[in-house]
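A.B. asks:
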Amino acid sequence: MRKWYYPWYSYITPVNFWMQGHIDEGRAEFDMSSWGRRRAKWQHHKAKGSIELLKEGEMPLPSYTWLHPQARLSVEERAALANFFSDLDPGKVGREER
Ligand code: HEM
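Each position in the sequence shown, counted from 1, maps to that position plus 9 in the working numbering.
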């Protein structure tokens, strides 16, 4: 079940368009809830991309964490999440591409 909470400033134009744009774009690029239905190649690409983006500090999107301090990640949390994606990466265990 998907649930997203929209804060008060999300109802102010143009903040709402700007924010919705990022949410839509982020979901279009990478919707984790579809993970289990995806091909190994897609999973590998996103796992690898997530590890890189986490290490470079590009995700979670800085303009998002600026408004949502609770979504900021410490160095340890970044490393834990990177390890999580590494474990999920089918490329790592040499599984066949489907
Ligand atoms: C730990 C949390 C997050 C991870 C691991 C993550 C990971 C990713 C990945 C793997 C992509 C796709 C890159 C590609 O395949 O080319 C992506 C794209 C994107 N994400 Fe995130 N994301 C996170 C949080 C967020 C948040 C909180 C937002 C803001 C609401 C966001 C907004 C976007 C946007 C706008 C894109 C598409 C444009 C771009 O690549 O910059 N992400 N993210």
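C-beta atoms are modelled at their ideal positions from N, C-alpha and C, and glycine is treated no differently. These numbers come from a predicted model, not from an experiment.
Take K12 as the anchor and find which of S59, H53, S42, G30 has the nearest alpha-carbon.
C.D. replies: Here the closest residue by C-alpha is S42.
A.B. asks: Compute every distance between the C-beta of V62 and the non-hydrogen atoms of the ligand HEM, then say whether any falls below 7 Å.
C.D. replies: According to the sequence displayed, residue 62 carries Leu and not Val. Checking the Cβ of L62 against the ligand HEM gives yes.
A.B. asks: If you reduce the DSSP assignment to three classes, tell me which class L90 lands in.
C.D. replies: Note: L90 maps to helix in three-state DSSP.
A.B. asks: Under the criterion of a Cβ to heavy atom distance below 7 Å, does H53 qualify as lining the ligand SAM?
C.D. replies: In the structure on display, the ligand SAM does not appear, and the ligands it does have are the ligand HEM.
A.B. asks: Closer than 6 Å by C-beta to R87: which residues in its own chain qualify, once you throw out the five before and the five after it? Chain order, please.
C.D. replies: Excluding positions up to five away in sequence, the list reads L63.
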